[in-house]
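Everything on this sheet refers to the single structure shown next.
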Amino acid sequence: MTPDLQPPEDEPEFSLYAQERAVIRQAEEMLEKLDDVTRGVRQLAQAYRNGYRETMRLVRISDRMQLDLHDANRTLSLQACELTSLNETLLQEIERREHLERELRRIASIDELTGLHTRRHVLELGEHEYRRLARHQRELAILLIDLDHFKRINDTHGHAAGDEVLRHVGSLFRASLREGDIAGRFGGEEFLAILPETDLPAARQIAERLRNCLEQSVIVWRDIRIRLTLSIGIATTVVDEPIERTIARADQALYVAKRTGRNRVQVELADAEGADDWEG
Amino acid sequence: MERLHRAATERSPHLDFDFPNRCLRIEGESYPEDAAAFYGPVLKALETFLCSPDPLPPESPLVLDLRLSYFNSSSAKALMNIFQMLELAASRGLSTRINWHYHPEDDAMLEFGEDFREDFRFADFHLCEVETDLAG
Numbered sequence: 024m025t026p027d028l029q030p031p032e033d034e035p036e037f038s039l040y041a042q043e044r045a046v047i048r049q050a051e052e053m054l055e056k057l058d059d060v061t062r063g064v065r066q067l068a069q070a071y072r073n074g075y076r077e078t079m080r081l082v083r084i085s086d087r088m089q090l091d092l093h094d095a096n097r098t099l100s101l102q103a104c105e106l107t108s109l110n111e112t113l114l115q116e117i118e119r120r121e122h123l124e125r126e127l128r129r130i131a132s133i134d135e136l137t138g139l140h141t142r143r144h145v146l147e148l149g150e151h152e153y154r155r156l157a158r159h160q161r162e163l164a165i166l167l168i169d170l171d172h173f174k175r176i177n178d179t180h181g182h183a184a185g186d187e188v189l190r191h192v193g194s195l196f197r198a199s200l201r202e203g204d205i206a207g208r209f210g211g212e213e214f215l216a217i218l219p220e221t222d223l224p225a226a227r228q229i230a231e232r233l234r235n236c237l238e239q240s241v242i243v244w245r246d247i248r249i250r251l252t253l254s255i256g257i258a259t260t261v262v263d264e265p266i267e268r269t270i271a272r273a274d275q276a277l278y279v280a281k282r283t284g285r286n287r288v289q290v291e292l293a294d295a296e297g298a299d300d301w302e303g
Numbered sequence: 024m025e026r027l028h029r030a031a032t033e034r035s036p037h038l039d040f041d042f043p044n045r046c047l048r049i050e051g052e053s054y055p056e057d058a059a060a061f062y063g064p065v066l067k068a069l070e071t072f073l074c075s076p077d078p079l080p081p082e083s084p085l086v087l088d089l090r091l092s093y094f095n096s097s098s099a100k101a102l103m104n105i106f107q108m109l110e111l112a113a114s115r116g117l118s119t120r121i122n123w124h125y126h127p128e129d130d131a132m133l134e135f136g137e138d139f140r141e142d143f144r145f146a147d148f149h150l151c152e153v154e155t156d157l158a159g
């Protein structure tokens, strides 16, 4: 602002106070302009205030949402941890069950006392072996074995002694049979051996060896020396005959072995004899 | 003044500004990819409506129903712009009511409503608890 202190040229008449009036007028004009500036600054302050309030509110809202997000994250982490531990428990449970299943299968397939296959399992294995060999037109021999006068051992020395005898026979079978032969406990003191790809003469040889082994061995139980013998019936498979039939023929041969004096190996007869009752 | 309608999408709310009946409504979740693109035309339309000489006889109030389950910061800014315009209109004599709906279990929405309410002197700002969940 350049102060113009000269009296206006269009002043009609000279005044003694022209100079002062001009100064006053200019001072008033400056005040008006100052008012304008003040108004402008006020508006600016108001705008800043509004903006400031909005920003504060936005930050509050954002903080609140972040808090929720953080909570949600923490919950998720906890849930993930829980899931992991649940998963571990589940895995342990699966392992436990698998172990149990293996154990059950073992119990179902292995006779606890003798370590031989159970009746059910030896029949399964026999069936499988029979079908495999039938495809190749090969023979299979079956030995049905019964301990002679086993009942007397139980009656004389008790069942614990009987169990020891069965254990001994089991390990004897496992030691004497060839690899690939299948041995199982068929009943109380009855055993079944399946000899794949074995003809009658070879089967007889193996049976004789078994019989001889037991005859020669002495079973010691609590300082008692127990000796016993066994009888064996042998049969070989015929094409297209169910394995049960072969076992039945071996059973008939066993019956003959028992009836003709025990401690014997008997090969199946050409024509089967009648099966009378016999004492084991 | 024509009615402005936007169907809800995954990230933007259902919006229905029924200017002829003075019923405005925003519902759902609001976190649009481009908040300016979504709310820009809405703000413009509202401004046009509020500045038009005498939109309707004054006896029926202008009502804005808000029922949001989530909104992001950009949407919050847009809401504040809307609130500012409504408050200004209310200060000039337009009867204005804002209903802020929130689920009883949604503490955050209640707090946001309480926060927004502080700025209103002329328009009525109501907090309304609603049990039912938003559909979709």
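Heads up: the protein sequence lines correspond to chains A and B, in order.
Each number in the working numbering comes from the position in the first sequence (counting from 1) with 23 added on.
Each number in the working numbering comes from the position in the second sequence (counting from 1) with 23 added on.
All residues carry an ideal CB built from backbone N, CA and C; glycine is no exception.
Quick caveat, the model's predicted, so the values are computed rather than measured.
Open item on the list: Is it the case that the stretch 135 to 150 of chain B contacts the stretch 117 to 125 of chain B, given that we only count it when at least three CB pairs across the two stretches are under 8 Å?
Closed with: Segments in contact, yes.
Task: Inter-residue Cα distance where the pair is A:I249 and A:L223 - done: For the purposes of this step, residue 249 of chain A is identified with residue 226 of the first sequence, where counting begins at 1. For the purposes of this step, residue 223 of chain A is identified with residue 200 of the first sequence, where counting begins at 1. Distance between the alpha carbons of A:I249 and A:L223 is about 31 Å.
Open item on the list: Quick check: the Cα distance between A:E291 and A:T269, rounded to an integer number of angstroms?
Closed with: Numbered from 1 along the first sequence, position 268 holds the residue referred to as residue 291 of chain A. Numbered from 1 along the first sequence, position 246 holds the residue referred to as residue 269 of chain A. Looking at the two C-alpha atoms, the distance is approximately 10 Å.
Open item on the list: Short of 7 Å in beta carbon distance, which residues of its chain neighbour A:T98, apart from the five on each side in sequence? Order them along the chain.
Closed with: Working through the first sequence from its first residue, we reach residue 98 of chain A at position 75. The answer is none, since no qualifying residue turns up.
Open item on the list: Bridge partners for A:A206 per DSSP, in chain order?
Closed with: Against the first sequence, residue 206 of chain A aligns to sequence position 183. Partner(s): A:A216.
TODO: Excluding the 5 residues preceding and the 5 following B:T71 in the sequence, name in chain order all residues of the same chain whose CB lies nearer than 6 Å to its CB.
DONE: The residue you call residue 71 of chain B lines up with position 48 of the second sequence. Within the same chain, B:T71 has no close Cβ partners at all.
TODO: Could you list which residues in chain A have their beta carbon closer than 9 Å to that of B:A113, in chain order?
DONE: As a working note, residue 113 of chain B is residue 90 in the second sequence. The contacting residues do not exist; B:A113 stays about 16 Å from chain A at best.
TODO: Output yes or no for whether 8 Å exceeds the beta carbon distance between A:V140 and A:I133.
DONE: Numbered from 1 along the first sequence, position 117 holds the residue referred to as residue 140 of chain A. Numbered from 1 along the first sequence, position 110 holds the residue referred to as residue 133 of chain A. Strictly speaking, residue 140 of chain A in this sequence is His, with Val absent from that position. In contact: A:H140 and A:I133 (Cβ atoms closer than 8 Å).
TODO: Please go through the same chain and pick out, in chain order, the residues whose beta-carbon is closer than 8 Å to the beta-carbon of A:N286, but skip the five residues on each side of it.
DONE: The sequence position of residue 286 of chain A within the first sequence is 263, counting from 1. For A:N286, where only same-chain residues beyond five positions count, the Cβ hits under 8 Å are D171, R234, E238, T252, L253 and S254.
- [ ] Look at the alpha carbon of A:A50 and the alpha carbon of A:A68, and state the distance between them as a whole number of angstroms.
- [x] On the first sequence, residue 50 of chain A is found 27 positions in, with the first residue counted as 1. On the first sequence, residue 68 of chain A is found 45 positions in, with the first residue counted as 1. One C-alpha to the other measures close to 27 Å.
- [ ] Compute the beta-carbon to beta-carbon distance between B:A101 and B:Y62, rounded to the nearest angstrom, for a pair I have assumed lies under 8 Å.
- [x] Taking the second sequence and counting its residues from 1, the one referred to as residue 101 of chain B is at position 78. Taking the second sequence and counting its residues from 1, the one referred to as residue 62 of chain B is at position 39. About 4 Å; that satisfies the 8 Å criterion.
Open item on the list: Less than 8 Å between the beta carbons of B:C151 and B:V86, yes or no?
Closed with: Here the question's residue 151 of chain B lines up with position 128 in the second sequence. Here the question's residue 86 of chain B lines up with position 63 in the second sequence. Not in contact: B:C151 and B:V86 (Cβ atoms no closer than 8 Å).
Task: Cβ-based neighbour list, A:R87, same chain, cut-off 7 Å, excluding 5 preceding and 5 following - done: Numbered from 1 along the first sequence, position 64 holds the residue referred to as residue 87 of chain A. Here the set comprises nothing.
Task: Contact set between A:D91 and chain B, taken where Cβ atoms lie within less than 7 Å - done: Within the first sequence, the letter at position 68 stands for residue 91 of chain A. Under the 7 Å cutoff, chain B gives A131.
Task: Distance, A:F214 Cα to A:I168 Cα - done: To locate residue 168 of chain A, count along the first sequence from 1; it is residue 145. To locate residue 214 of chain A, count along the first sequence from 1; it is residue 191. Taking the straight line joining both Cα atoms gives about 5 Å.
Open item on the list: Mapping the DSSP letters down to three states, classify B:H126 as helix, strand or coil.
Closed with: Position 103 of the second sequence, counting from 1, holds the residue named residue 126 of chain B. Coil, per DSSP.
- [ ] Could you have a look at A:S108 and say whether DSSP puts it in helix, strand or coil?
- [x] Here the question's residue 108 of chain A lines up with position 85 in the first sequence. Three-state result, A:S108: helix.
Open item on the list: For the ligand HEM, I want to know if A:E51 counts as a neighbour, meaning its beta carbon is within less than 7 Å of at least one of the ligand's heavy atoms.
Closed with: For the structure depicted, the ligand HEM is absent and the ligand set is empty, with no information on it obtainable.
Task: Nearest candidate by alpha-carbon position, reference A:N73, set B:H37, B:F40 and B:M103 - done: By 1-based counting over the first sequence, the position of residue 73 of chain A is 50. Among B:H37, B:F40 and B:M103, the Cα nearest to that of A:N73 belongs to B:M103.
Open item on the list: Tell me which residues of the stretch 92 to 112 of chain A have at least one Cβ-Cβ distance to chain B shorter than 8 Å, keeping chain order.
Closed with: none
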